[in-house]
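In terms of our numbering, the sequence shown opens at residue 412 and continues consecutively.
Data block below; observations after.
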Amino acid sequence: MALSIVLLAAGEGKRMKTDKPKPLVPLADHPLIQYSLNTAKELKPERIILVTGFKKDEVKKYVLSKNSGDYIFCEQKERLGTGHAVKQASPYLPDTGKTLVLYADVPLVSTIALRKLIKSSNRKKLSILTSKVTDPKWYGRIIRDGNENPIAIREEADASKSEKNIKEIFTGIMIAENEFLKTGLKGLLRNNKAGEYYLTDLVDYASKRQVKIGSTQTREKEVLGANNKEELAALYEALISLNVKEAKRKGVIFKDESTCYVEGTLKVGKDVQVGNNVTIKGSVKLGNNVSIESNVVLSNVKIGENSIVKDFCSIENSLIAKNVEVGPFARLRNGAVLDDSAKVGNFVEVKQTKVGAGSKVNHHAYLGDTKIGKKVNIGAGTITCNYDGKVKHKTIISDGSFVGTNTSLVAPLKIGKKAFVAAGTVVTDNVPANALAIGRSKQSTKKNWKKK
Numbered sequence: 412m413a414l415s416i417v418l419l420a421a422g423e424g425k426r427m428k429t430d431k432p433k434p435l436v437p438l439a440d441h442p443l444i445q446y447s448l449n450t451a452k453e454l455k456p457e458r459i460i461l462v463t464g465f466k467k468d469e470v471k472k473y474v475l476s477k478n479s480g481d482y483i484f485c486e487q488k489e490r491l492g493t494g495h496a497v498k499q500a501s502p503y504l505p506d507t508g509k510t511l512v513l514y515a516d517v518p519l520v521s522t523i524a525l526r527k528l529i530k531s532s533n534r535k536k537l538s539i540l541t542s543k544v545t546d547p548k549w550y551g552r553i554i555r556d557g558n559e560n561p562i563a564i565r566e567e568a569d570a571s572k573s574e575k576n577i578k579e580i581f582t583g584i585m586i587a588e589n590e591f592l593k594t595g596l597k598g599l600l601r602n603n604k605a606g607e608y609y610l611t612d613l614v615d616y617a618s619k620r621q622v623k624i625g626s627t628q629t630r631e632k633e634v635l636g637a638n639n640k641e642e643l644a645a646l647y648e649a650l651i652s653l654n655v656k657e658a659k660r661k662g663v664i665f666k667d668e669s670t671c672y673v674e675g676t677l678k679v680g681k682d683v684q685v686g687n688n689v690t691i692k693g694s695v696k697l698g699n700n701v702s703i704e705s706n707v708v709l710s711n712v713k714i715g716e717n718s719i720v721k722d723f724c725s726i727e728n729s730l731i732a733k734n735v736e737v738g739p740f741a742r743l744r745n746g747a748v749l750d751d752s753a754k755v756g757n758f759v760e761v762k763q764t765k766v767g768a769g770s771k772v773n774h775h776a777y778l779g780d781t782k783i784g785k786k787v788n789i790g791a792g793t794i795t796c797n798y799d800g801k802v803k804h805k806t807i808i809s810d811g812s813f814v815g816t817n818t819s820l821v822a823p824l825k826i827g828k829k830a831f832v833a834a835g836t837v838v839t840d841n842v843p844a845n846a847l848a849i850g851r852s853k854q855s856t857k858k859n860w861k862k863k
């Protein structure tokens with residue numbers, strides 16, 4: 412059956428104390444809404460309808476600029492509850508098929524939980540996602556009959572004393588047949604203390620018509636929302652906890668998982684080890700037997716098998732091949748590529764640069780906009796002077812070359828195969844293959860000199 416997804420993203424988020432609309436409040440790598448969008452897209456629905464409201468143009472601009480695919484946008488002009496929000500999407504839904512309702516500010520629900528929910532809706536007009544939580548305050552409680560079938564959801568403001576003791580809550584996430592959903596939305600009333608149209612009343616609507624309701628339960632951490640910065644911090648902790656647990660399930664060995672922050676997507680091979688105080692952002696892939704030592708930040712990085720990243724390294728938007736050694740105290744960024752068995756040592760920065768197989772940049776160097784061939788040695792204190800104030804220029808260092816210590820390479824520049832650049836040289840002209848370039852002043856020694 413065809414699936415539509417309605418994503419509610421109209422929140423203002425006053426208690427967040429921010430100028431941003433609530434869906435764009437950042438959580439680790441992304442705004443809140445991006446997590447929900449990623450999950451929605453994984454389910455491969457026929458359409459995704461976003462219900463926007465506060466600063467709707469900002470939300471729409473973000474979604475379209477950061478996400479591929481087609482989206483339908485509709486506006487909730489008045490904040491009259493979740494039922495009213497879904498009503499705004501109703502005209503864009505086909506008469507047949509099913510609709511899954513998600514929330515921009517409930518970002519951690521997994522596709523596993525949602526697929527279970529979709530499966531539970533088989534031959535049912537309505538199915539809801541529930542969770543048992545430690546503190547159910549402010550959530551709608553699940554009311555079940557003697558056969559454990561859900562028959563109602565009682566909002567906090569309307570719950571009796573005994574109902575408030577119920578730990579099982581409605582997450583807000585549901586799936587319904589479109590025909591039932593459209594009819595049910597038309598029948599929603601505002602006869603509650605908040606004066607809003609509750610989406611939760613669809614359960615009561617179904618129960619009164621003897622419509623059997625499906626349900627499935629998921630973990631509390633997956634259904635946390637955030638209405639203020641304190642809750643946002645708790646949401647971040649939950650995100651990290653879920654991601655670290657998933658990484659361990661894949662086989663990662665953490666030295667101290669309580670100090671590691673997996674904010675993004677992590678793919679790993681076998682026997683990957685991660686030290687203390689490691690942060691992983693964006694999309695990171697680590698091959699077999701990769702070792703990440705302590706105090707390392709990885710962001711959008713791929714690292715090949717048997718490579719090691721030593722302490723205090725920052726690596727972003729880079730590609731590292733097999734048997735590579737990086738660090739300690741190295742920085743790789745913006746298009747750095749290290750081929751097999753390359754070495755980038757302490758206090759080296761590499762940007763928009765390829766370091767060829769077996770080449771070494773052992774310490775204290777800056778390489779920008781550079782292509783380094785195979786088995787090249789770059790001495791300590793080597794600097795590529797790549798920027799003339801307007802344009803950045805390329806430096807090419809060919810296979811087997813040797814660049815001595817304390818050398819400045821003024822781009823644009825090409826150093827030929829097996830060329831040798833003497834220590835202390837400022838290189839401004841191309842160096843042919845097998846040549847020696849030396850550009851320092853001749854040493855002058857004053858014999859028998861002493862302080863006067």
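We treat Cβ as the ideally placed atom computed from N, Cα and C, and that holds for glycine.
None of the values given here were measured: they were computed from a predicted structure.
Does any residue of chain C have a CB that is nearer than 7 Å to the CB of residue i?
i    : result
S819 : Absent from the structure is chain C; it holds one protein chain and no more.
Report all residues from its chain with a CB closer than 6 Å to the CB of residue i; omit the five preceding and five following residues, and keep chain order.
i    : result
E358 : Within the shown structure, residues of the chain are numbered from 412 to 863, placing residue 358 beyond reach of any answer.
V772 : V755, V759 and I789
Y672 : I651 and T690
I726 : L709, V712 and L743
A617 : L537 and I624
A684 : Note that residue 684 corresponds to Gln in the displayed sequence, not to Ala. For Q684, where only same-chain residues beyond five positions count, the Cβ hits under 6 Å are I664 and S702.
V766 : L749, A753 and I783
G680 : G698 and N699
L511 : I416 and I586
For residue i versus residue j, is the C-beta spacing smaller than 7 Å?
i    : j    : result
K370 : G811 : Since the displayed the chain opens at 412 and closes at 863, residue 370 lies outside it and no answer follows.
P437 : A420 : no
R555 : P561 : yes
S538 : G625 : yes
K803 : D840 : no
L519 : E633 : yes
L528 : L513 : no
A776 : T764 : no
N706 : S694 : no
S542 : I580 : yes
V842 : A834 : no
G494 : L599 : yes
V517 : E631 : no
V720 : V748 : no
P823 : K801 : no
V821 : C796 : yes
L596 : K696 : no
A791 : T629 : no
N688 : T670 : yes
T522 : T582 : no
Cutting at 8 Å between CB atoms, please list the residues of its own chain near residue i, excluding the five before and the five after it.
i    : result
T836 : G815, T818, S819, A848, I849, G850 and R851
E668 : V655 and K659
A645 : L635 and A637
N639 : R426, M427 and K428
D569 : N603 and K604
D682 : G662, I664, N699 and N700
K733 : G698, G715, E716, N717, S718, D751 and S752
D430 : none
Between which two residues does the alpha helix (DSSP H) harbouring residue i extend?
i    : result
F591 : N589 to K597
I577 : Run containing I577: none; DSSP gives neither H nor E here.
I523 : T522 to S531
A644 : K640 to R660
Q499 : T493 to A500
Y473 : K467 to K477
What is the C-beta distance between residue i and residue j, in whole angstroms, given that I count them as a contact (C-beta under 8 Å)?
i    : j    : result
N745 : N728 : 5 Å
S752 : G784 : Their Cβ separation, rounded to whole angstroms, is 13 Å, which puts S752 and G784 out of contact at 8 Å.
P442 : K466 : Actually they do not touch by this definition, with Cβ atoms about 12 Å apart.
K786 : I807 : The Cβ separation is near 15 Å, so there is no contact.
E607 : G492 : 3 Å
Near residue i, which residues of its chain fall below 7 Å by C-beta distance, leaving aside the five closest residues on each side in sequence?
i    : result
I577 : P547, R552 and I553
R458 : S415 and I483
A563 : I554, V614, D615 and S618
A496 : L419, A421, V462 and Q487
Y473 : L435 and P442
Specify, as a first and last residue, the run of the beta strand (DSSP E) that residue i falls within.
i    : result
D612 : Premise fails: D612 lies in the alpha helix (DSSP H), D612 to K619, not in any beta strand (DSSP E).
I807 : T806 to I808
R744 : R742 to R744
R630 : First-last for R630: undefined, no H or E at that position.
V689 : Premise fails: V689 is in no beta strand (DSSP E) and is neither H nor E.
N449 : It is not in any beta strand (DSSP E) - N449 instead sits in the alpha helix (DSSP H) that spans L443 to E453.
V821 : S819 to V821
D780 : K771 to I783
Three-pair Cβ contact test at 8 Å for the stretch 497 to 513 versus the stretch 466 to 480
no
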